[in-house]
Every structure is written in structure tokens, then in C-alpha cells.
Amino acid sequence: MKRLVLVFALLALVSCAGESNLPTPTGKGTIRSINAMAGSPSVAFRLEKFLVGQAGFQDVTNSLRFDDFDYIFNWEAVYLGELSARNIASHMDKIETGMDYTFVLTGNVNAPVVNVWESSEREWNGDETVIELQFANYAPEASVLGPIDVYLAPDGTVPVAGEQIATLDFGEIMPPIDVEAIEYVLTITRAGDPMDILFQSLPTLYIAQSAVISPIFDGDEHQETAYLSVLLVNKTGATARLVDATADPTIRFIQASIDLATSDVYDDVTLTNLILSGHAFADITNDMPIAIGQTSHYYTPVGDTSAVLFESGIATVQNTHWNWVVLGTAGNRFAHSYLPNRRSVSIYARLQFFHAALNNTFVDIYVVDADVPIDDENTTLFDFTFSVLVPPLPYASGSYDIYVTLPNEKTVIGGPLRINVIDGDVVELMLFDTVDPAVVDIRVLPTQ
């Protein structure tokens with residue numbers, strides 16, 4: 545009995561000592577992280593071990609409030625072949641009561657640089673008609689020739705030197721300012737040259753009683769047509785991306801309907817504006833400019849506008865690359881338009897498949913190391929369905945063979961197609977019919 549009493553007494557002492565050593569918070573502050581590393585995969589942001597959120601390039605994590613203590617902040621990325629996420633950066637900081645912290649990762653995923661923006665949390669009375677704004681320049685390519693000017697004005701206002709709300713060199717963030725919460729156009733130019741427009745948004749309504757930080761990134765030329773990308777981050781957590789009104793979309797035409805005759809393609813109902821001549825089965829064009837909004841395409845026999853063999857439409861928006869694929873056969877022919885994911889990731893290659901081979905509605909895909917038989921290999925994509933696009937698949941640098949088989953079988957009906965990839969590559973692949981209904985052709989779309 546004495547021994548039991550002693551044990552309980554010791555436990556009580558330890559418990560009391562632990563409670564007395566615990567710090568008492570006096571308040572909370574807000575944190576978030578922005579990923580400004582071009583070519584970065586999605587990165588996890590952690591306070592100690594607690595996951596705050598994930599952010600890919602040009603993106604931001606959740607905004608969360610934490611007690612005013614000292615913390616070690618960590619960032620993690622997943623590398624192929626590693627069983628757990630790798631810590632790529634750490635930063636020690638103290639959260640102060642009533643303060644707002646934005647941790648910005650720049651550089652690259654193999655050598656990140658952590659920048660910290662600090663400002664006071666904004667408190668609102670409820671009757672304000674203004675919005676608090678801060679813009680920051682994290683566009684290294686745009687800044688090669690010097691700083692940028694930021695203009696915010698009602699639609700139709702021409703930028704005039706000296707009327708900018710900020711001039712920012714790379715890595716700089718402007719002090720917070722209050723502006724009336726109305727509709728504005730954001731214009732970004734080279735510093736001192738208001739005619740050299742790098743970005744111009746659509747008219748955007750800014751909401752009162754909001755505190756917003758707005759990082760400016762380099763555009764991703766593989767994924768978008770704009771030179772710059774601008775994110776609006778409400779400090780309470782909501783985000784939005786501004787659209788560049790000057791960034792026209794593109795379209796790539798792909799003819800995957802085996803019984804559609806070689807055609808001329810027009811984009812007007814009067815068949816006077818020829819945009820593509822002699823477009824044959826399995827042809828794949830480069831990216832071509834296309835108007836914003838609704839456009840119809842008309843396929844006619846080559847040199848003959850007396851008949852329309854096929855027609856369909858597409859609705860496009862600014863700052864996008866589209867793939868337009870004609871699929872099916874007579875009586876069930878249709879166009880499928882989609883946004884390919886061409887974003888490059890610096891630490892691995894990415895393969896993206898689209899199934900356009902009608903004669904084999906369901907197939908399996910194998911991607912194996914070069915010269916390795918598929919007999920004992922697992923399926924990469926099983927029951928891959930006609931007219932379906934799958935998200936990009938990550939692969940390490942190397943040589944691979946791609947096979948198409950009948951579903952749930954090892955019966956090869958396409959391939960092997962040998963591809964060689966290095967980190968950062970994005971390979972778009974498409975399955976086509978052949979004259980033999982039992983054979984599938986695997987094609988690599990040209991790099992754009």
C-alpha cells in the first residue's frame with residue numbers, strides 16, 4: 545500500500561510541475577504560406593507538425609489563427625521514390641497577438657528562400673466603405689528589366705506616370721492602403737512607362753471591410769497565356785485570381801474521327817474564314833489563337849464549301865490553352881474540348897493520357913521501364929475509358945515503354961512506344977484508332 549501511495553504522489557507532482565511550466569497565451573495571430581517557386585510541386589506548410597495547408601505554384605494555403613508563441617514553421621514536398629515527405633525548409637518565428645504573417649517561398653523547391661510579410665490584423669467597425677490592399681512583386685522574370693508600377697483605377701482610366709499606387713522591385717511588398725470598395729481595373733506596367741502594359745485585369749468589384757494581400761507572379765507559359773498572374777488573398781482565408789483581359793486563349797486541333805474525310809475548317813457560318821486546310825485523321829496542330837467567347841467550327845470537304853461534314857462549338861475564356869478533339873464516327877461524331885495540364889514540375893516528369901480510340905472503349909495502360917515485359921507488371925491505368933482525360937502521372941527521369949492492352953488482360957493492342965523523359969518534362973499522349981479495329985495507336989502530342 546505504501547508503494548502505491550508513493551507512485552500516486554509522484555504522478556501528482558509531475559502533473560503539477562507540467563501545468564506550472566506551460567506558457568499562457570495572451571492572444572492569437574494569423575498565418576498562411578504562399579508558394580512563389582516556379583516549377584514547384586504542391587508544398588505542405590506546417591506549424592511544427594500541424595498541417596496548415598498545401599499550396600502549389602501561384603497558390604496560397606489556408607489562413608489560420610494560433611496562440612502567440614514561438615514556433616518552428618516547416619515546409620515539405622513529396623519526392624518520387626521517397627517513403628515520406630521531405631522537409632525542404634524551416635523557419636523559426638514568434639506569433640505576436642493581433643499580427644498577420646504571410647510566409648512566402650521563393651527560389652526553387654530544392655533550395656527555397658523563406659520571406660515573411662508582417663502586418664496588423666485589421667479590425668472593422670462594420671460601417672467602413674473601404675478595402676485594405678497590399679500588392680507584392682514576386683515575378684522574377686518580369687523584374688529582370690527593373691521594377692514594376694501598379695495602377696488601380698476605374699475601367700477606362702488610362703495609366704499615367706505618377707498616378708501608380710506602388711512601384712515595386714522584386715521581393716517588395718507595398719504598405720497597406722485603404723481604397724474605396726468599388727469596381728477597379730488593375731494595370732501593371734514597367735516602372736515609369738505606363739504604355740508598356742504587362743497585365744490588365746477585367747473590371748473587378750472589391751468588397752468593403754476586407755484586408756487583402758495580392759502577390760504578383762510570373763505567368764506559367766506552359767499552362768497559361770498571360771505574362772503575369774495575380775492572386776487576391778483575403779486575410780480571413782478566401783482567395784481569387786484576377787483574369788488578364790489582354791491574354792487571348794489558344795486552341796490545338798486534333799482529328800481523331802477515323803471516318804471523317806480530310807477537311808478544311810472554318811470558324812464562321814458563312815464559310816469565308818478558313819483557319820485550317822487539309823486537316824486529316826490523326827493530324828495534331830500547334831496551339832493557334834482563338835477568340836474569347838463562343839466560336840463554332842465547320843468542317844467541309846477540301847476546297848468545297850457546298851457541304852458541312854461536321855460542326856461544333858467551343859466557349860473559351862482568357863488566359864487558357866485548349867485542346868479540341870474530334871471524336872467518334874458518322875452518326876455519333878462529337879468534339880471534346882478540354883484544358884490540358886501542361887504545368888511543369890522541376891523534380892519529376894509528368895505524363896497525361898487522353899483516350900480517343902473509339903474501337904476499344906475500355907483499355908488498360910502500362911508504363912514500364914524500358915525493355916521490361918509487362919507480364920509481371922501492375923496496370924498503370926485500368927479500364928481507361930474512351931473520351932476520358934486523366935490527371936498527369938509523375939515519373940522519374942529515364943526511359944519507359946508504354947503499352948495498351950485489352951482490359952484486365954495482358955493482350956497487347958498498342959505499343960510499345962518508347963519515351964525518354966527528364967525532370968520538368970510534360971508529355972501529352974493520346975490513343976487513336978487505326979484501320980485495324982483491334983489495334984490502338986499511341987501518339988505523343990508535340991510540345992508547345
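If you're matching positions, the sequence shown starts at 545 in our numbering and goes up one per residue. C-beta: ideal position from N, C-alpha, C; glycine also. All figures in this text were calculated on a predicted structure; none of them were measured in a lab.
For Ala725, the nearest candidate out of Ile741, Ala697, Asp612 and Asp713 (CA to CA): Looking at the Cα atoms, Ala697 is the closest of the given residues.
Run of the beta strand (DSSP E) containing Ala755, from where it starts to where it stops: Where Ala755 is concerned, the enclosing beta strand (DSSP E) stretches over Ala755 to Asp762.
Every unbroken alpha helix (DSSP H) inside the stretch 672–760 [4 residues or more]: Within the stretch 672–760, no complete alpha helix (DSSP H) run reaches 4 residues.
Segments assigned alpha helix (DSSP H), at least 4 residues, entirely inside the stretch 612–662: Listed in chain order, nothing qualifies, since the stretch 612–662 has no complete alpha helix (DSSP H) run of 4 or more residues.
Leu554 burial status per 10 Å Cβ neighbour count (16 or more: buried): Residue placement at Leu554 is poorly supported in this model, since its pLDDT is 31, which falls under 50; the coordinates are not used for a value here.
CA nearest to the CA of Asn863, picked from Pro703, Lys779 and Thr790: Cα-wise, what sits closest to Asn863 is Thr790.
Opening and closing residue of the beta strand (DSSP E) in which Trp866 lies: For Trp866, the uninterrupted beta strand (DSSP E) run begins and ends at His865 to Leu871, by DSSP.
Assumed close pair Ser807, Leu853 - CB separation to whole angstroms, cut-off 8 Å: So it is a contact: roughly 6 Å between Cβ atoms.
Cβ-Cβ distance between Ala513 and Ile760 below 8 Å: Only positions 545 to 992 of the chain appear in this structure, which leaves residue 513 out of reach.
Of the listed residues Gln838, Val813 and Asp788, nearest to Ala851 (C-alpha basis): Of the listed residues, the one whose Cα sits closest to Ala851 is Val813.
DSSP beta-bridge partners of Asn1073: In the structure as shown, the chain begins at 545 and stops at 992. Residue 1073 is therefore absent and cannot be evaluated.
Identity of the residue in Asp699, Ile963, Asp977 and Val787 nearest Asp915 by Cα: Ranking Asp699, Ile963, Asp977 and Val787 by Cα distance to Asp915 puts Ile963 first.
Contacting residues, own chain, Cβ-Cβ under 7 Å from Pro884 (five flanking each side not counted): If the five residues before and after Pro884 are omitted, its C-beta is found closer than 7 Å to the C-beta atoms of His865, Asn867, Gln896 and Glu972, all from its own chain and listed in chain order.
Distance between beta carbons of Val970 and Arg886, contact taken as under 8 Å: With 8 Å as the limit, Arg886 and Val970 qualify as a contact, their Cβ atoms being about 5 Å apart.
Distance, Leu730 Cα to Gln744 Cα: A straight line joining the alpha-carbon of Gln744 with that of Leu730 spans about 6 Å.
Beta bridge counterpart(s) of Pro938 as assigned by DSSP: Pro938 pairs with Arg894.
For Thr839, the three-state DSSP class (helix, strand or coil): Correct three-state label for Thr839: strand.
At least 3 beta-carbon pairs within less than 8 Å: the stretch 921–940 vs the stretch 824–842: As far as the Cβ criterion goes, the stretch 921–940 does not touch the stretch 824–842, which means the pair count is below three.
Coarse secondary structure for Phe854, derived from DSSP in three states: Of the three classes helix, strand and coil, the one that applies to Phe854 here is strand, per DSSP.
Burial state of Trp619, where buried means 16 or more other Cβ atoms lie within 10 Å: Per the 10 Å Cβ criterion, buried.
Spatial distance of Val596 from Phe930 (CA atoms): Their backbone Cα atoms lie some 39 Å apart in a straight line.
Span separating the alpha-carbon of Ile909 from that of His899: Rounded to the nearest angstrom, the two C-alpha atoms are 10 Å apart.
Start and end residues, beta strand (DSSP E) containing Ile909: Its beta strand (DSSP E) spans residues Phe906 to Asp913.
Nearest residue (CA-CA) to Asp713, options Leu689, Pro656 and Arg590: Asp713 has its Cα closest to that of Leu689, out of Leu689, Pro656 and Arg590.
Cβ pair count under 8 Å reaching 3, the stretch 592–607 against the stretch 773–780: Taking a contact to require three or more Cβ pairs closer than 8 Å, the stretch 592–607 and the stretch 773–780 qualify as touching.
Same chain only: Cβ atoms within 7 Å of Thr673, ignoring 5 sequence neighbours per side: Excluding its 5 nearest sequence neighbours in each direction, Thr673 has C-beta neighbours in its own chain below 7 Å: Glu724, Ala725 and Ala752, listed in chain order.
Same chain, Cβ closer than 7 Å to Lys572, five either side skipped, listed in chain order: Cβ neighbours of Lys572 beyond the five flanking positions: Arg609, Phe610, Asp611, Asp612 and Thr641.
DSSP bridge partner residues for Leu975 (one or two, in chain order): The partner list for Leu975 (beta bridge, DSSP) reads His899 and Ile986.
Beta-carbon separation (whole angstroms), Ile986 vs Gly942, contact threshold 8 Å: Actually they do not touch by this definition, with Cβ atoms about 18 Å apart.
Rounded C-alpha distance that separates His841 from Ala805: In a straight line, the C-alpha of His841 is about 15 Å away from that of Ala805.
Coarse secondary structure for Ala553, derived from DSSP in three states: Bear in mind that a pLDDT of 35 at Ala553, under 50, signals an unreliable position, so the number given afterwards is only what the model happens to contain. In the structure shown, Ala553 sits in a helix (DSSP, three-state: H, G or I).
Alpha helix (DSSP H) runs contained entirely in the stretch 754–833, provided each spans 4 or more residues: Within the stretch 754–833, no complete alpha helix (DSSP H) run reaches 4 residues.
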